[in-house]
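Notes for the one structure printed next.
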Amino acid sequence: MDNIRIAEKFNHMAQMLEFKGESQFKTRAYTNAARTIKGLDEELQVLHKEGSIEDIPGIGKILKSKIVEMFETGTFEAYERTMDEIPAGIIEIMNVPGIGPKTARLFYEKLGVQTVDELSRAAREHRIRRLPRMGEKQEDKILRSIARQKEDKDHGRHPYVLAKDIAREITDNLKQSSDIEKVAVAGSLRRKQDTVGDIDLIAISEEPEKAISCFTGMEKVEEILESGTTKAAIIYPGNFHVDLRIVSRDSYGSMLQHFTGSKEHNIHLRKLALSKGYSLNEYGMTDESTGKLTKFSSEDDLYKNLGLEYLSPELREDRGEVEASLRGKLPKLIERKDIKGDFHVHSNWSDGANTMEELAEAAILRGYEYIAITDHSHSTGVANGLSDKRLLEHIDAIDKLNEKYDEIRILSGTECDIKADGKLDYSNDLLEQLDIVVVAVHAGLDQDRKKMTKRIVSALENEHVDIMAHPTGRKFGKRPPYDMDMETVIQAAKDNEKVLEINSSPWRLDLNDINAKRAKEHGVMLAINTDTHTIDHLDNVEFGINMARRAWLEPDDVLNTMSLKQICSRLDIPKE
Ligand code: DGT
Ligand code: CA
Ligand code: CA
Numbered sequence: 001m002d003n004i005r006i007a008e009k010f011n012h013m014a015q016m017l018e019f020k021g022e023s024q025f026k027t028r029a030y031t032n033a034a035r036t037i038k039g040l041d042e043e044l045q046v047l048h049k050e051g052s053i054e055d056i057p058g059i060g061k062i063l064k065s066k067i068v069e070m071f072e073t074g075t076f077e078a079y080e081r082t083m084d085e086i087p088a089g090i091i092e093i094m095n096v097p098g099i100g101p102k103t104a105r106l107f108y109e110k111l112g113v114q115t116v117d118e119l120s121r122a123a124r125e126h127r128i129r130r131l132p133r134m135g136e137k138q139e140d141k142i143l144r145s146i147a148r149q150k151e152d153k154d155h156g157r158h159p160y161v162l163a164k165d166i167a168r169e170i171t172d173n174l175k176q177s178s179d180i181e182k183v184a185v186a187g188s189l190r191r192k193q194d195t196v197g198d199i200d201l202i203a204i205s206e207e208p209e210k211a212i213s214c215f216t217g218m219e220k221v222e223e224i225l226e227s228g229t230t231k232a233a234i235i236y237p238g239n240f241h242v243d244l245r246i247v248s249r250d251s252y253g254s255m256l257q258h259f260t261g262s263k264e265h266n267i268h269l270r271k272l273a274l275s276k277g278y279s280l281n282e283y284g285m286t287d288e289s290t291g292k293l294t295k296f297s298s299e300d301d302l303y304k305n306l307g308l309e310y311l312s313p314e315l316r317e318d319r320g321e322v323e324a325s326l327r328g329k330l331p332k333l334i335e336r337k338d339i340k341g342d343f344h345v346h347s348n349w350s351d352g353a354n355t356m357e358e359l360a361e362a363a364i365l366r367g368y369e370y371i372a373i374t375d376h377s378h379s380t381g382v383a384n385g386l387s388d389k390r391l392l393e394h395i396d397a398i399d400k401l402n403e404k405y406d407e408i409r410i411l412s413g414t415e416c417d418i419k420a421d422g423k424l425d426y427s428n429d430l431l432e433q434l435d436i437v438v439v440a441v442h443a444g445l446d447q448d449r450k451k452m453t454k455r456i457v458s459a460l461e462n463e464h465v466d467i468m469a470h471p472t473g474r475k476f477g478k479r480p481p482y483d484m485d486m487e488t489v490i491q492a493a494k495d496n497e498k499v500l501e502i503n504s505s506p507w508r509l510d511l512n513d514i515n516a517k518r519a520k521e522h523g524v525m526l527a528i529n530t531d532t533h534t535i536d537h538l539d540n541v542e543f544g545i546n547m548a549r550r551a552w553l554e555p556d557d558v559l560n561t562m563s564l565k566q567i568c569s570r571l572d573i574p575k576e
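Numbering-wise, the UniProt record's numbering puts 114 at position 114 of the sequence shown, and it's gapless, one number per residue.
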């Protein structure tokens with residue numbers, strides 16, 4: 001452990017003690033030591049060997065013993081104990097820039113706020129401004145800090161689609177080795193999170209060292225970070241950190257489960273195991289009274305032993321899945337085969353690459369019953385949006401095309417702009433002539449929260465509107481979501497019986513899992529659309545399904561699992 005990390009731990013300890021209301025004397029000892037350590041020219045490890053740690057001003061016997069403890073274990077006992085005493089979310093609150101231990105304590109004591117999410121809700125509900133020394137300004141500042149911190153966290157993470165391709169390339173490579181029996185993806189990538197921090201792989205091998213050198217010896221490896229006897233870590237092009245762990249066949253299930261996570265899910269499982277008298281870790285389950293270790297070669301067995309139904313990796317986020325599994329109430333998650341069509345597709349009439357025919361045939365190939373062609377409206381000038389006149393021609397062209405195909409129904413649609421004032425780009429008379437109206441925000445994204453929310457809500461109140469596309473507007477690497485009140489938008493969708501989109505573009509994934517789950521809980525239906533601009537994009541539906549599964553969606557929650565007949569009656573579309 002290096003000086004920087006040791007200093008960070010001491011600073012962290014000081015924060016926690018201050019939160020607990022311990023004496024200044026105690027907290028200062030830690031912050032002073034941290035400052036001193038940061039300023040040292042030599043590593044503490046070296047000073048320790050020379051026996052001169054205690055010569056450092058401000059570091060006495062007690063702190064020295066903690067430093068030595070950190071050399072050995074990476075942490076110290078008092079630190080871990082204090083961590084356990086404080087709700088995990090509080091630590092995160094103290095990490096929000098501008099919020100120190102005293103303020104965190106105030107929020108905790110007066111408002112019961114224990115997580116960053118709760119804090120953000122309290123600010124939005126204007127409960128912060130009523131506290132002493134707080135006001136409207138502080139509330140705004142807190143919300144901005146939380147948003148900025150979230151962006152920073154996302155920074156350095158990779159979109160799922162890129163990580164998936166890299167993982168595929170590496171696993172294909174490893175599978176060729178005769179020393180590797182099996183290789184599997186774990187971590188956030190297996191849970192199909194929208195972004196991943198690093199890639200985690202697990203391999204079964206009877207020759208761990210050979211397996212490791214096969215991994216670290218791959219041609220494209222840019223840097224070997226670690227190369228041990230059972231685990232290794234490398235940097236792969238694109239700044240991908242990849243971890244590999246080698247396991248034996250008999251504990252494969254335990255390892256895979258552990259390194260699939262999430263961390264929060266694992267913590268919950270460990271608590272459950274403890275309540276039954278077992279301790280659980282990556283090697284198996286140990287009977288606390290006899291000390292007997294049971295290993296698991298499959299995840300299925302592991303979950304069964306805990307009295308749980310098997311949990312799809314997408315659900316393992318500690319968002320209620322363990323409780324649901326205990327009650328036998330897990331959702332029957334949606335699958336790709338449930339999808340019967342797509343409601344958001346662009347042709348070369350606006351900014352798509354393909355003709356309507358090509359799109360129809362690609363949809364037939366995928367076994368779809370319907371596809372909506374939703375070209376842009378005229379405000380989106382850059383995307384060659386359709387004028388009123390061209391929209392009418394678009395409708396005619398689709399009518400003609402429908403005469404040609406028996407296998408599929410082409411729905412005439414639009415992706416209509418919601419203008420800055422909330423009005424739509426086409427008149428109601430025009431919208432009425434379409435089978436389906438998808439609306440979206442494309443310009444004026446920097447409106448304030450109130451305006452943007454109102455803008456979207458007024459679009460959702462239009463009787464001709466069916467679906468709100470990419471509701472938050474985020475794009476990985478390009479822009480964060482625009483500022484709007486999701487809760488209000490979801491409620492408006494509910495009140496007006498509108499559908500919210502899960503945009504499957506791997507650069508959007510919007511709604512994300514959390515918002516889509518919230519929408520479902522409010523009784524709002526979702527549509528998994530691809531926003532296709534070239535026929536290959538139709539297969540992006542896979543990424544939308546990932547989000548939907550992470551949001552606990554079942555087929556009945558998703559509009560495009562309905563048959564054409566059901567769609568026609570729900571959307572009031574003439575059958576022929
Ligand atoms: P990422 O890489 O940030 O997208 O997220 P994960 O979930 O892949 O996290 P990672 O790579 O740090 O670790 C992989 C899994 O290993 C994680 O999901 C659960 C398990 N794990 C790692 N560290 C801990 C820990 O401190 N406690 C527990 N219970 N599990 C851990
Ligand atoms: Ca990971
Ligand atoms: Ca990792």
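Virtual Cβ for every residue (Gly too), placed ideally from N, Cα, C.
Cβ of residue i within 7 Å of any heavy atom in ligand 5?
i    : result
G228 : This structure lacks ligand 5; its bound ligands are ligand 1, ligand 2 and ligand 3.
Say yes only if the C-beta of residue i is nearer than 7 Å to one or more non-hydrogen atoms of ligand 1, and no if none qualify.
i    : result
F296 : no
D200 : yes
N512 : no
H258 : yes
S377 : no
G187 : yes
I267 : yes
Q193 : yes
At the level of alpha carbons, what is the spacing between residue i and residue j?
i           : j    : result
Y426        : I339 : 30 Å
V196        : V161 : 10 Å
K292        : A273 : 14 Å
L143        : S120 : 6 Å
Y368        : D84  : 53 Å
L244        : L559 : 40 Å
P331        : L111 : 33 Å
D539        : E8   : 46 Å
D383        : W349 : Looking at the sequence shown, residue 383 is not Asp but Ala. Approximately 10 Å, taken between the alpha carbons.
L500        : E18  : 45 Å
W507        : V541 : 13 Å
P87         : H346 : 48 Å
residue 603 : K61  : Nothing in the structure corresponds to residue 603, since the chain is present only between 1 and 576.
V113        : K102 : 13 Å
G261        : I56  : 41 Å
Does the beta-carbon of residue i, which I'm using as the reference point, lie nearer than 7 Å to any heavy atom of ligand 2?
i    : result
S262 : no
V68  : no
V196 : yes
Could you tell me how far apart the beta carbons of residue i and residue j are, in whole angstroms, since I believe they sit closer than 8 Å?
i    : j    : result
Y236 : E222 : 7 Å
V242 : I204 : Wrong, their Cβ atoms sit about 17 Å apart, outside the cutoff.
E357 : L391 : Not really, about 19 Å apart at Cβ, beyond 8 Å.
L526 : K520 : 7 Å
T453 : D485 : 5 Å
H378 : D318 : Not quite, the Cβ-Cβ distance comes to about 47 Å (not below 8 Å), so this is no contact.
T36  : I6   : Not quite, the Cβ-Cβ distance comes to about 11 Å (not below 8 Å), so this is no contact.
T374 : V438 : 5 Å
Taking all protein chains shown into account, do 16 or more other C-beta atoms lie within 10 angstroms of the C-beta of residue i, making it buried, or fewer, making it exposed?
i           : result
residue 608 : Past the boundaries of the shown model lies residue 608; the chain is included only from 1 to 576, so the question cannot be answered.
F71         : exposed
P313        : buried
S275        : exposed
D417        : buried
S65         : exposed
R130        : exposed
E109        : exposed
F25         : exposed
Y30         : buried
Y310        : exposed
L225        : exposed
T229        : exposed
A397        : buried
I4          : exposed
D483        : buried
Below 7 Å, is the gap between the Cβ of residue i and the nearest heavy atom of ligand 3?
i    : result
D300 : no
D417 : no
D485 : no
D243 : yes
Under 8 Å, Cβ to Cβ, is there at least one residue of chain D near residue i?
i    : result
H376 : Of the protein chains in the structure, only one exists, and it is not chain D.
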